[in-house]
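*Asks:* Mapped onto the working numbering, the consecutive letters of the sequence shown carry residue numbers 721 to 1138.
Note that CB positions come from ideal geometry on N, CA and C, so glycine has one too.
Quick one: this structure, given as structure tokens, is what I'll be asking you about.
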Amino acid sequence: MASTHGTGTAAASLSSLLLDVGVPFRMRSGELLLEAQAHHGVQRWLDHFDRVTLCAPIVPEALVDPSMQWIAATPLVQGGRLAVVALPWGYDVRGHMTHVAAVRRTFRVLIPRHDRLCFANFGWLGAWGRIGAEEAFAQDRRFAVWFDWVLQDMPLRPERNAAKRVWRKAERSVLRRLVLRDIRRASLGLFNGRTVFDAYASWSTNPRVVHDVHLTEADLITEAQLEARLARKEGPLRIVCVGRVHEMKGPRQWLDAVATAIAERRGPRGITATWFGDGPLLAEMRALVAARNLSAEVSFRGLEADRGRVAAALRDADLFLSCHLTPESPRTLIEALMSGLPIAAFSSAYALDLLAGNVEGGVFAAMGDSVALGRELARCLADPARLQRISRAAYSAGREYSDARVFKHRSDLIKEYV
């Protein structure tokens, strides 16, 4: 059964938002916790709505991602403007069938109490946002959908068992059908970045490109800081990456690109590369660095909980290298631009759109071609004038983003079309 904390039973106001998200809650010692960036996001939503009800499943403790940071929801709930509705975990056939009726009843009650509706947890089993969208449609209510990756194009979980492989393919087919149905029904499609927008826009009656970032305007690099960095003539050129060390983020490809850049570097300055972040491939990547005799130049630092230190590392670096392999919209690229960092990445509609379609501000290679990307890196880092030029272009592009701007944009669209 769903459980509700806060003021979810209050009468709806003119700026009440029912918000379903895919990032789970965590329950520890009877206290409800929000993932750190979701916690920050709730505060930004409350900048624009008098009352927000946040819905998400509770992750079982055995499945908690150790790289995620958690913050108690209680202080936000005690403010009287936030309610949190904890839904059950149902990402399997038994769990879904056990809980779906109760979740449906929960949304059936919540929807009339809010005048704005936005759902984000889509798919099939345990995707309770889909159930919310079905109930909104049944009540003839307008609603928004939010997607930050192309669900049906995400890599399938590898299975050795033939029956399980057949099941995964069938699951993918059902997921695609349901996702496209819900996009068509929505009065507003919020698609995070151009890659996701391009995949879904033709199915939406009102598609919009939106972005997601949790850095504030205070985190933007200043022009003086940028020019001081560009004036450096000594020491190694610094490549940086921030993100989970996960298969989808391409850490092996990242290391290949770095190794190629180091091998082909020209000029008196060396190259160092640092990846900030935890994840399931962290130990493997550290072992690969040692095996390839790159420990003096390359470091996988693990989790850095202090966001201020991460922001400082971004502002101090010379180039941001990203090797995402999946059709999603990593907000770390926006964080890089806000730090005046040019992007080196596999080419994607999302990355190019962040730079207004202009390759100035970044260097790119075909998806998966780590060697080509590494060679582009080497050429760029060996050309101080080019590095300065694309860094300034990145700085210009990054001025367009901040948490306040992106959440206001989304909130304004929801208020206008939902």
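Taking the Cβ atom as the reference point for each residue, do Arg949 and Asp1036 lie within a distance shorter than 8 angstroms?
*Replies:* yes
*Asks:* Can you give me the Cβ contacts of Ala913 inside the same chain, cut-off strictly under 6 angstroms, excluding the 5 residues immediately before and after it?
*Replies:* With the sequence shown as reference, residue 913 is identified as Gly, and Ala is not the correct amino acid for it. Same-chain partners within the cutoff: Ser1049, Tyr1070.
*Asks:* Exposed or buried, Pro1166, counting other C-beta atoms within 10 Å across all chains shown (16 or more means buried)?
*Replies:* One cannot answer for residue 1166 here, as it falls past the ends of the chain, which runs 721 to 1138.
*Asks:* Which residues share a DSSP beta bridge with Leu1041?
*Replies:* Ala1064
*Asks:* Is Ala1085 helix, strand or coil by DSSP?
*Replies:* strand
*Asks:* Does the distance from the CB of Leu1001 to the CB of Ala979 come in under 8 angstroms?
*Replies:* No, Cβ-Cβ distance for Leu1001 and Ala979 is not below 8 angstroms.
*Asks:* In chain order, which continuous runs of the beta strand (DSSP E) of length 3 or greater are located wholly inside the segment 953-1014?
*Replies:* 957-962, 991-996, all fully within the segment 953-1014.
*Asks:* For Gly1028, is the classification buried or exposed, using 16 other Cβ atoms within 10 angstroms of its Cβ as the cut-off for buried?
*Replies:* exposed
*Asks:* Within 8 angstroms, do at least three Cβ pairs link the segment 1095-1115 to the segment 1008-1026?
*Replies:* no
*Asks:* What do you get for Gly728, buried or exposed, if any count of 16 or more other CB atoms within 10 angstroms of its CB means buried?
*Replies:* Summary for Gly728: the model assigns pLDDT 43, below 50, so the residue's position carries little reliability; its value from the coordinates is reported in the next sentence. Buried is the call here.
*Asks:* Could you tell me which of Ala1086, Ala858, Ala847, Ala1105 sits nearest to Val829, measuring between CA atoms?
*Replies:* The shortest C-alpha to C-alpha distance from Val829 to any of Ala1086, Ala858, Ala847, Ala1105 is the one to Ala858.
*Asks:* With distances taken between CB atoms, is the gap from Thr773 to Leu739 smaller than 8 angstroms?
*Replies:* Yes, they are a contact pair.
*Asks:* Measure the Cβ-Cβ separation of Thr998 and Pro786 and say whether it is below 8 angstroms.
*Replies:* The amino acid at residue 998 is misidentified as Thr; the sequence shows Asp. Result yes, Cβ atoms of Asp998 and Pro786 sit closer than 8 angstroms.
*Asks:* For Met1005 and Arg972, I'd like the C-alpha separation in whole angstroms.
*Replies:* 7 angstroms
*Asks:* Using a Cβ-Cβ cutoff of less than 8 angstroms, which residues in the same chain neighbour Val1126 once the five nearest sequence positions on both sides are dropped?
*Replies:* Val930, His931, Asp932, Val933
*Asks:* Could you tell me whether the segment 951-969 touches the segment 898-906, where touching means 3 or more Cβ pairs closer than 8 angstroms?
*Replies:* no
*Asks:* CB Cys838 to CB Trp866, shorter than 8 angstroms?
*Replies:* yes
*Asks:* Where does Leu752 fall in DSSP's three states?
*Replies:* strand
*Asks:* Alpha carbon to alpha carbon, how far is Ala1033 from Ala1065? Give it in angstroms, no decimals.
*Replies:* Rounded to whole angstroms, Ala1065 and Ala1033 show a C-alpha spacing of 19 angstroms.
*Asks:* For Trp844, name the three-state secondary structure that DSSP assigns.
*Replies:* coil
*Asks:* Can you tell me whether Pro780 is buried or exposed, with buried defined as 16 or more other CB within 10 angstroms of its CB?
*Replies:* exposed
*Asks:* In angstroms with no decimal places, state the Cα-to-Cα distance between Ser924 and Ser907.
*Replies:* Cα-Cα distance, rounded: 8 angstroms.
*Asks:* Going by DSSP, what residue range makes up the beta strand (DSSP E) through Val870?
*Replies:* Per DSSP, Val870 lies in no beta strand (DSSP E) and is assigned neither H nor E.
*Asks:* Within 10 angstroms of the Cβ of Asp939, are there 16 or more other Cβ atoms? Answer buried if so, exposed if not.
*Replies:* The residue in question, Asp939, is buried, as its Cβ has 16 or more Cβ neighbours within 10 Å.
*Asks:* Does the distance from the C-beta atom of Arg905 to that of Ala853 stay below 8 angstroms?
*Replies:* yes
*Asks:* Could you check what DSSP says for Thr729 in three-state terms: helix, strand or coil?
*Replies:* Because Thr729 carries a pLDDT of 42, less than 50, the predicted location of this residue cannot be relied on, and the following value inherits that uncertainty. The answer is coil: DSSP assigns Thr729 none of H, G, I, E or B.
*Asks:* Check the C-beta distance from Pro1062 over to Gly1081 and give it rounded, since I have them as a contact under 8 angstroms.
*Replies:* 6 angstroms
*Asks:* Gly1106 to Asp1026, Cα distance in whole Å?
*Replies:* Correcting the residue identity first, residue 1106 is Arg in this sequence and not Gly. Put simply, the backbone Cα of Arg1106 is about 32 angstroms away from that of Asp1026.
*Asks:* Just to check my reading of the structure: Met788 and Glu755 have Cβ atoms closer than 8 angstroms, yes? What is that Cβ distance to the nearest angstrom?
*Replies:* 5 angstroms
*Asks:* Measure the alpha-carbon distance for Asn881 versus Glu891 and round it to whole angstroms.
*Replies:* 15 angstroms
*Asks:* How far does the alpha helix (DSSP H) with Arg1051 in it extend, from its first residue to its last?
*Replies:* Looking at the DSSP string, Arg1051 is not in any alpha helix (DSSP H), and its letter there is neither H nor E.
*Asks:* Between which two residues does the beta strand (DSSP E) carrying Phe839 extend?
*Replies:* Boundaries of the beta strand (DSSP E) harbouring Phe839: 836-839, taken from the DSSP string.
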